[in-house]
Ligand SMILES: [Zn+2]
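In the numbering used here, the protein residues as written are 994 to 1293.
See below:
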């Protein structure tokens, strides 16, 4: 998926669907992360999504970040898009829609299934009334919470999504994108940060959900996932992959290196490039994997 002219996010996702690639979604909560993501994407000339959860939006401001990303998109004529990640109330969704976000993850997955369906359907209608082009993603199942480092793995086995649930949810809500629970998990275990263990995905479940729901699929909690599983997941129908914790780990390490290298310096733009470089390396390696040439198209 090479960048040549401007497309909508929906067009780019359809392209990804047809070429068997995935769009990388990277969470940001400051200018270091945004600079790193944008630089990595431009170097590889691939489209990219940046996302902010409610907490990340609270810190940066929904309107300022929307203006910033829009200005990058316009100045460089570049397909960088903005997602309102994990939004847990319609009020916060409306705020993001009015600020100009291109997509939203409306996440009522903690509620019982029927209630999740009802509230997501209402949100799709309300948000599309504000901006018909905004893509709405719904979520089913349990993938844990918090893109942080966890000491112990939560038991998510009972919260895995089924193809039947996925089909029913998509048909009843009218969402554009679905985020299922397929072995993925938010955050990373300490052993994953050390590189000793990897997350594994249920590829057959992904393929079954794609077959049943015939919709764009997002994989949340991609940090620390086995590379080969990510390739197979994309081939099985994943169109967007979220990476957050890996970036946060790199951000902290890069910042510590920048401070350690210049113990007496106080100039932010001399210290922070270490953090930008550390994050950029992670983004770049993930984007390369998501955009590898695959010799088959996904079925939808
Ligand atoms: Zn997520």
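For glycine and all other residues, C-beta sits at the position ideal for the given N, C-alpha and C.
Nonlocal neighbours in the same chain, by C-beta distance under 7 Å from residue i, ignoring five residues either side
{"i": "residue 1265", "result": "1025 and 1251"}
{"i": "residue 1273", "result": "1029, 1032 and 1033"}
{"i": "residue 989", "result": "Given a span of 994 to 1293 for the chain in the structure shown, any question on residue 989 remains unanswerable."}
C-beta contact flag for residue i and residue j at 8 Å
{"i": "residue 1283", "j": "residue 1234", "result": "yes"}
{"i": "residue 1276", "j": "residue 1033", "result": "yes"}
{"i": "residue 1027", "j": "residue 1041", "result": "no"}
{"i": "residue 1099", "j": "residue 1130", "result": "yes"}
{"i": "residue 1092", "j": "residue 1055", "result": "yes"}
{"i": "residue 1002", "j": "residue 1095", "result": "yes"}
{"i": "residue 1022", "j": "residue 1052", "result": "yes"}
{"i": "residue 1194", "j": "residue 1168", "result": "no"}
{"i": "residue 1227", "j": "residue 1159", "result": "no"}
{"i": "residue 1049", "j": "residue 1020", "result": "yes"}
{"i": "residue 1281", "j": "residue 1083", "result": "no"}
One or two residues paired with residue i in a DSSP bridge
{"i": "residue 1027", "result": "None; residue 1027 has no bridge partner."}
{"i": "residue 1132", "result": "1172"}
{"i": "residue 1284", "result": "None, per the DSSP bridge assignment."}
{"i": "residue 1041", "result": "1017 and 1073"}
{"i": "residue 1211", "result": "1233"}
{"i": "residue 1096", "result": "1076 and 1128"}
{"i": "residue 1182", "result": "1143"}
{"i": "residue 1218", "result": "1192"}
Cα-Cα separation between residue i and residue j, rounded to whole angstroms
{"i": "residue 1146", "j": "residue 1136", "result": "11 Å"}
{"i": "residue 1200", "j": "residue 1230", "result": "6 Å"}
{"i": "residue 1110", "j": "residue 1171", "result": "12 Å"}
{"i": "residue 987", "j": "residue 1240", "result": "What the structure shows of the chain is the stretch from 994 to 1293, and residue 987 is not part of that stretch, so it cannot be assessed."}
{"i": "residue 1115", "j": "residue 1166", "result": "8 Å"}
{"i": "residue 1139", "j": "residue 1178", "result": "9 Å"}
{"i": "residue 1105", "j": "residue 1205", "result": "21 Å"}
{"i": "residue 1316", "j": "residue 1237", "result": "Since the displayed the chain opens at 994 and closes at 1293, residue 1316 lies outside it and no answer follows."}
{"i": "residue 1085", "j": "residue 1000", "result": "27 Å"}
{"i": "residue 1256", "j": "residue 1262", "result": "14 Å"}
{"i": "residue 1190", "j": "residue 1060", "result": "39 Å"}
{"i": "residue 1150", "j": "residue 1186", "result": "22 Å"}
{"i": "residue 1216", "j": "residue 1018", "result": "11 Å"}
{"i": "residue 1074", "j": "residue 1260", "result": "30 Å"}
{"i": "residue 1113", "j": "residue 1258", "result": "49 Å"}
{"i": "residue 1071", "j": "residue 1065", "result": "7 Å"}
{"i": "residue 1184", "j": "residue 1107", "result": "37 Å"}
{"i": "residue 1078", "j": "residue 1213", "result": "10 Å"}
Residue i classed as buried or exposed, judged by whether at least 16 other C-beta atoms fall within 10 angstroms
{"i": "residue 1268", "result": "buried"}
{"i": "residue 1057", "result": "exposed"}
{"i": "residue 1103", "result": "exposed"}
{"i": "residue 1192", "result": "buried"}
{"i": "residue 1046", "result": "buried"}
{"i": "residue 1188", "result": "exposed"}
{"i": "residue 955", "result": "Past the edges of the chain, shown from 994 to 1293, lies residue 955, and the structure says nothing about it."}
{"i": "residue 1125", "result": "exposed"}
Close-in-space but distant-in-sequence residues of the same chain around residue i (CB under 6 Å, 5 per side omitted)
{"i": "residue 1006", "result": "1209 and 1232"}
{"i": "residue 1101", "result": "1109, 1112 and 1113"}
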